[in-house]
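Student:
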Amino acid sequence: MPLDATSVHVGQELPPLVKGPITREMLREYGPAAGDPNPIHVDDEFAKNAGYPGVFAHGMLSMGFLGEFLVNAAGVGNVRKFRARFAKLTWPGDVVTCKGTVTAVRDEDSVRVVDCEIWTETQTGERKVVGSATLALPR
Amino acid sequence: MPSKDMIGRTLGTGSATIDAEHVAAFARALGDTNPAYYGPGATAPLTYPIAFMTQAMAGGMDTFLELGLNFMTLVHGEQEFEYLRPVRVGETLTLTGRIADIYEKAGSSGTLDFVVLETEARDTSGAPVFYSRNVLISRRS
């Protein structure tokens, strides 16, 4: 259910989106589709040599999940700004839940502008990718 | 380590024509089934610019290498987009990149170098379509 421009309010939660669990197959598919050839996401030996316990998900994969989540909430063409910081790594097996909260609402011309705090968290509740977004809902 | 003298340097311009099959493959890789991303009249998912920006800006690679970042430890720290409208399949965008900022921070395992790249995309009428801000981080070797 998208956000309703007339009733949206500060503190409101955006409808969560659950993705995953992350599989190695997803990582093998995302890299070429995104033009990201970094073997650290698909080759365990390479990742171990770089000091990680194994392969981990592309930060932009999680940001992509957040993008789907924002479009579900606002509709195509209604996202104005979208920022993400890749704070912690997401691993194969992790279930990624996209969440968000409305932090400000204001009116501009024919739209209701909604600022949100957004993040992904995994099954342990740990926040992995954190950011913000500005939505413009037709009213 | 990157020299602050490089702040403001252009990374050149490049162009990208948005291909329907590439957009659909990208959406599928995200597991995003929104019908808006599939077919001849499609628009692209919000993060799709990442799939063509680097390649379109390949002409700026020499300047990028001049930064002297440690590629062994290079990570994508932050990404920001501002959208004027959705990217549409079939259109050609012109991208212009610049080095917006360079700074360093002390990390627990050594000095971290931060480089901020800004890219703007315009359509064939010259109207802006999106702006991108990309923060890269590398640990000094």
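In the order they appear, the protein sequences are chains U and B. Sequence positions in the first sequence follow the working numbering and run 82 to 220. Sequence positions in the second sequence follow the working numbering and run 5 to 145. Beta carbons are placed, not taken as given, at the ideal position from N, Cα and C, and that holds for glycine. Please read these numbers as outputs of a predicted model, since none were measured by experiment.
Give the residues of chain U in contact with residue 50 of chain B, contact being defined as C-beta atoms less than 7 Å apart.
Tutor: By Cβ distance, chain U contributes 148, 151, 152, 160, 163.
Student: Which residues mark the beginning and the end of the alpha helix (DSSP H) in which residue 33 of chain B is found?
Tutor: 24-33 is the extent of the alpha helix (DSSP H) around residue 33 of chain B.
Student: Between the Cα of residue 198 of chain U and those of U:116, U:95, U:103, U:87, spot the shortest distance and give me the residue it belongs to.
Tutor: Comparing Cα positions, the closest option is U:95.
Student: Note down, in chain order, all residues in the region 82-106 of chain U with a beta-carbon under 7 Å from any beta-carbon belonging to chain B.
Tutor: Answer in chain order: 100.
Student: Mind checking the region 29-41 of chain B against chain U and listing, in chain order, the residues whose C-beta falls within less than 7 Å of any C-beta there?
Tutor: For the region 29-41 of chain B, which is checked against every Cβ of chain U, the residues closer than 7 Å are 29, 30, 33, 34, 35, 36, 38, 40.
Student: Who are the Cβ neighbours of residue 162 of chain U in its own chain at under 7 Å, not counting the five residues just before and after it?
Tutor: Contacts found: 214, 215.
Student: Based on Cα-Cα distance, which residue from U:115, U:92, U:117, U:136 lies nearest to residue 124 of chain U?
Tutor: Checking every option, the nearest Cα to that of residue 124 of chain U belongs to U:136.
Student: From residue 35 of chain B to residue 9 of chain B, what distance separates their C-alpha atoms?
Tutor: Going by the C-alpha atoms only, they are around 42 Å apart.
Student: Name the chain B residues whose beta carbon is nearer than 9 Å to that of residue 111 of chain U?
Tutor: 30, 33, 34, listed in chain order.
Student: If you run the structure through DSSP and keep just helix, strand and coil, what is residue 153 of chain U?
Tutor: Residue 153 of chain U: helix per DSSP, three-state reduction.
Student: If you run the structure through DSSP and keep just helix, strand and coil, what is residue 96 of chain U?
Tutor: Residue 96 of chain U falls in the coil class under three-state DSSP.
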